[in-house]
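S.K.: Top line first, the protein sequences correspond to chains A and B. Residues in the first sequence are numbered consecutively from 450, following the working numbering. Residues in the second sequence are numbered consecutively from 4, following the working numbering. Heads up, the beta-carbon is just placed ideally off N, CA and C, and yes, glycines get one too.
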Amino acid sequence: MEEQLKNINTLPALTWNHLGVNRAELIAQQTGKSTASIPEEFGRIKTGMGEEAADFAAHNCTDYHVIEAEAGKEIIDAESMRYSLADEHPTVDVTLIHAHEGSSVTVLQSYTSADNTACFHGGLTKIIADKGAWVRLVQVQMLNNRSRHFDDVGFLLGDGAHAEIVQAELGGKDAFAGCLALLEGYQSSFGADTIYLGEEDRRLDMNYIARHTGRKTTSDMTAAGALFGHSDKIYRGTIDFIRGASHSVGHEVENTLLFSPEARNRTVPLILCSEEDVDGQHAATIGKINAQRLFYLLSRGLTEAQAKQLVIEAQFAPAIAKVPDTALQDAIKEYLGRRMQLD
Amino acid sequence: MAEKLLEVSGLHASVEDKEILSGLDLNVSAGETHVIMGPNGAGKSTLGNVILGNPEYIINAGKILFEGADITREKTDARARRGIFMSFQSPEEVPGVTLEDFLRVSKTAVTGKPLKVFAFKKQLKKTMAALNMDESYAQRYLNVGFSGGEKKKAEILQMLTLQPKLAILDETDSGLDVDAVRIVSEGIRQYKNESNALLIITHNAKILEGLKVDYVHILTDGKIVHTGGPELIDEISRDGFHRWEESAAQ
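1. So is T555(A) in contact with chain B if we call contact Cβ pairs under 8 Å?
2. Drop a sphere of 10 angstroms on the beta-carbon of E519(A), count the other beta-carbons inside from all chains shown, and report buried for 16 or more, exposed for fewer.
3. Would you mind sorting A659(A) into buried or exposed? The rule is 16 or more other CB atoms within 10 Å of its CB.
4. Using only CA atoms, which one of N63(B), L211(B), G51(B) lies nearest to Q92(B)?
5. Any beta-carbon of chain B closer than 8 Å to the one on Y745(A)?
6. Leaving out five residues on either side along the sequence, give the residues of the same chain with a beta carbon under 7 Å from the beta carbon of F505(A).
7. Let me check understanding here. Comparing Cα to Cα, which of V38(B), I204(B), G44(B), A33(B) lies closest to I23(B)?
8. I'd like to check one pair, V38(B) with I186(B): are the Cβ atoms closer than 8 Å?
9. Return the residues of the segment 710-743 of chain A that lie within a Cβ-Cβ distance of less than 8 Å from chain B, sorted by chain order.
10. Within the chosen definition, does the segment 68-87 of chain B reach the segment 122-142 of chain B through at least 3 CB pairs nearer than 8 Å?
11. Using a C-beta to C-beta distance shorter than 9 Å, which residues of chain A count as neighbours of A83(B)?
12. Would I227(B) pass as a contact of L68(B) if the rule is Cβ separation under 8 Å?
13. For P233(B), would you say it is in contact with chain A, using Cβ-to-Cβ distances shorter than 8 Å as the test?
14. Between which residues of its own chain and A157(B) is the CB-CB distance below 8 Å, once the five residues before and five after are set aside?
15. Shorter than 8 Å from the beta carbon of A763(A) to some beta carbon of chain B?
16. Distance check for I62(B) and T75(B), CA to CA, integer angstroms please.
17. With a threshold of 16 other CB atoms inside 10 Å of the CB of V97(B), please say whether the residue is buried or exposed.
18. Is the Cβ of V147(B) closer than 8 Å to any Cβ of chain A?
19. Hey, how far is the Cα of G65(B) from the Cα of N57(B)?
20. Please list, in chain order, the chain B residues whose beta carbon lies closer than 7 Å to that of A766(A).
21. Taking 7 Å as the cut-off, is the beta-carbon of W583(A) closer than that to any non-hydrogen atom of the ligand NAP?
22. Which residues share a DSSP beta bridge with V38(B)?
23. In the segment 457-471 of chain A, which residues sit with their C-beta less than 8 Å from some C-beta in chain B, listed in chain order?
24. Under three-state DSSP, which class holds V556(A)?
25. I'd like to check one pair, E197(B) with A72(B): are the Cβ atoms closer than 8 Å?
26. Could one say the Cβ of E49(B) lies closer than 8 Å to chain A's Cβ atoms, at least one of them?
27. Tell me whether the segment 480-489 of chain A and the segment 500-514 of chain A touch, counting them as touching only if at least three CB pairs, one residue from each stretch, are closer than 8 Å.
28. Looking only at its chain, what residues have a beta carbon closer than 8 Å to the beta carbon of Y635(A), apart from the 5 residues adjacent to it on each side?
29. Do you know offhand how far I239(B)'s Cα is from L222(B)'s?
30. Taking the beta strand (DSSP E) that S240(B) belongs to, which residues open and close that run?
31. Within 10 angstroms of the Cβ of P539(A), are there 16 or more other Cβ atoms? Answer buried if so, exposed if not.
32. Which runs of the beta strand (DSSP E) fall wholly inside the segment 129-163 of chain B and span at least 3 residues, in chain order?
33. Output yes if chain A places a C-beta closer than 8 Å to the C-beta of D20(B); else output no.
34. Determine, using beta carbons only, whether L592(A) and C568(A) come nearer to each other than 8 Å.
35. Is it a yes or a no for the segment 765-776 of chain A touching the segment 727-734 of chain A, going by three-plus beta-carbon pairs under 8 Å?
Spelled out as structure tokens, the structure:
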């Protein structure tokens with residue numbers, strides 16, 4: 450059974466409807482599985498894709514994970530959430546992470562296709578980072594070109610907590626990702642590193658929100674991507690300074706490489722200020738590989754595909770370096786290499 | 004007789020509808036060092052770019068042969084794999100790719116063989132030391148934040164690593180201080196042997212000191228108007244290009 454989700458990745462401040470960036474719609478595949486119980490402390494955490502996606506995930510949960518790092522402890526989980534998906538098994542994973550005071554948590558979630566059939570994946574991850582905690586969530590999606598996928602994430606940060614998300618959206622037919630970080634704690638900080646690859650008729654729809662409510666909070670969101678074929682991508686990046694978030698700083702930057710005249714790129718940077726004493730910046734570069742740079746790379750014997758791969762990998766390198774498994778890092782590079790050869 | 008490497012005949016090339024090369028002929032054989040000298044705007048850099056197949060330049064007539072094969076319409080990467088190299092006047096910056104990784108990828112690309120990593124690293128270290136380059140540059144992003152001199156040294160490092168059959172040096176001495184010119188010249192001497200060739204594009208004689216130059220070509224208005232021996236270098240340093248510019252104008 451399919452379920453249509455109509456209010457996905459909603460822009461925090463709506464703009465002209467005809468631009469088509471205010472929200473997205475998503476057809477999700479119900480799993481017929483039981484409802485995941487979300488403890489109250491996680492219930493208040495909002496997510497980037499919005500309530501409809503989060504509720505759908507909670508009501509169709511096939512895989513449920515709870516990670517709780519005790520105060521001062523370190524947890525690295527790079528193994529237990531690796532999914533290899535196939536048609537007959539739509540997967541919806543719900544993961545709740547609580548990093549208590551001074552703890553450190555690194556979690557890897559990866560999604561690949563076991564075969565070439567169309568599959569469905571939905572994910573919901575909610576994270577609480579208490580005072581002084583450090584959390585890194587890494588999500589790598591390399592599904593086949595027939596699959597649908599969404600990953601919905603929400604963070605709640607306490608005093609001095611640092612949290613970051615690394616998302617590699619590299620596959621799928623329809624790929625949706627959203628993340629909302631609520632920087633509630635004094636001097637809390639949030640980072641987002643997103644890389645994406647659009648090819649064929651892939652639709653990529655992303656929504657990132659850093660909501661600053663605490664004083665002296667910091668957010669830094671970076672996105673880098675490459676678009677081929679008829680791919681269609683929207684990246685919404687919002688820095689939302691709420692009254693009281695004085696002396697807070699938010700940066701966002703997106704670099705998109707366009708390799709096809711038919712590819713569609715939409716970038717929506719948004720800075721909302723109801724607090725005056727803040728510093729918000731955004732920047733975006735969109736374009737082809739500089740012709741002289743391409744000539745330089747070709748002059749050293751690289752084929753055009755190799756040169757493109759090198760430039761894309763260079764853009765993706767900072768995010769790939771944060772994947773806590775070198776074999777998966779290599780697999781991502783190999784995956785990109787195969788895709789470049791097809792272009 | 005030395006093996007012919009490069010044969011350029013009747014070459015006409017333009018950029019943005021403006022003809023830059025107007026019937027240029029040039030032959031370079033293995034073991035030879037050729038110097039192209041000429042005033043600004045004569046077409047010197049265009050020649051290097053056209054030999055390497057820069058798509059910004061359109062070849063309107065003429066032929067380029069390399070080791071007897073017609074490469075006039077061949078793509079740049081194929082020419083590079085045949086063994087043609089150019090040291091760029093303004094090397095591109097490539098953020099995110101370290102110098103060492105770039106050398107490794109390029110070496111694999113031009114040789115078509117998997118690289119022996121240990122031997123490669125050892126040789127790289129040795130070559131960098133010879134060029135008086137700090138080892139840390141190998142881990143820095145290619146040309147990003149390099150000074151003008153460091154960029155030129157990185158180009159020579161690439162030449163020494165890739166060991167091309169024909170190396171075109173496009174104004175490699177420009178922007179270099181005296182010490183850097185000396186080091187770069189030493190690197191060029193290390194590269195040169197009887198089976199490869201050099202085509203040095205310059206309007207400065209300093210980089211040629213200590214090199215055995217076989218031919219000096221004067222390029223003005225898109226043509227080679229005179230070819231002589233190394234004695235021309237001193238003459239040009241002393242008198243400039245007026246003599247040939249005037250005769251070309253007549």
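M.R.: On the basis of the coordinates in this document:
1. no
2. Here E519(A) is exposed. Its C-beta has fewer than 16 other C-beta atoms within 10 Å.
3. Buried, because 16 or more other Cβ atoms sit within 10 Å of the Cβ of A659(A).
4. Per the Cα distances, G51(B).
5. yes
6. E452, L454, A477, G571
7. G44(B)
8. no
9. Residues passing the 8 Å Cβ filter: N739, A740, Q741, R742.
10. As far as the Cβ criterion goes, the segment 68-87 of chain B does not touch the segment 122-142 of chain B, which means the pair count is below three.
11. L747, S748, R749, G750, L751
12. Cβ distance not < 8 Å, so I227(B) and L68(B) don't count as in contact.
13. no
14. P94, L102, M136, Y140, L145, N146, F149
15. yes
16. 8 Å
17. buried
18. no
19. So the alpha carbons of these two residues sit roughly 16 Å apart.
20. Residues of chain B passing the Cβ test: G99.
21. Summarising the ligand content, the structure contains no ligands, and the ligand NAP is consequently not present.
22. I203(B), V219(B)
23. none
24. Assigned with DSSP and collapsed to three states, V556(A) falls in strand.
25. no
26. Just to set this straight, residue 49(B) is Thr in the shown sequence, not Glu. No, because no Cβ of chain A sits closer than 8 Å to the Cβ of T49(B).
27. Cβ pair count under 8 Å is three or more, so yes.
28. Non-local C-beta neighbours of Y635(A) in its own chain, meaning closer than 8 Å and more than five positions away in sequence, comprise D608, G609, G663, R664, K665, T666, ordered along the chain.
29. 12 Å
30. It is not in any beta strand (DSSP E) - S240(B) instead sits in the alpha helix (DSSP H) that spans 234-242.
31. Buried, because 16 or more other Cβ atoms sit within 10 Å of the Cβ of P539(A).
32. none
33. no
34. Going by beta carbons, L592(A) and C568(A) fall inside the 8 Å limit.
35. no
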